[in-house]
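In what follows, a structure is listed as structure tokens, so that the remarks can point back to it.
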Amino acid sequence: KINREEFIAFLNQKGIPAMIYYPVPLHQQKAYLRPEFNNENFPVTVELCESVVSLPMHTELDQNQLKYITDSVLEFINL
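Structure representation (structure tokens):
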């Protein structure tokens, strides 16, 4: 398992705007707080919010940019 903060910092240093889009699970947000909604009920949601990193993904990315992003990810995970 990689360190998400180190991974984001690594990509950002390479000019790749990686970030966390959904840091708080829905059931932990103020509008949805209920005693019956807890982390034990949503283990997958909690895990995803703690581990997912959003990479650039839009129609303006060209093949060179996609390769650069891919190569950078592989470099970080040593593949």
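Residues in the sequence shown are numbered from 150 upward in steps of one, following the working numbering. Cβ atoms here follow ideal geometry from the backbone N, Cα and C, with glycine treated the same way. These numbers come from a predicted model, not from an experiment.
Rounded distance between the beta-carbons of leucine 204 and alanine 167, thought under 8 Å
6 Å
Would you mind sorting valine 222 into buried or exposed? The rule is 16 or more other CB atoms within 10 Å of its CB.
buried
What I want to know is whether the C-beta of phenylalanine 156 ends up closer than 6 Å to one or more non-hydrogen atoms of the ligand ATP.
The ligand ATP is not among the ligands present in this structure, which contains no ligands whatsoever.
Under 7 Å between the Cβ atoms of arginine 153 and valine 202?
yes
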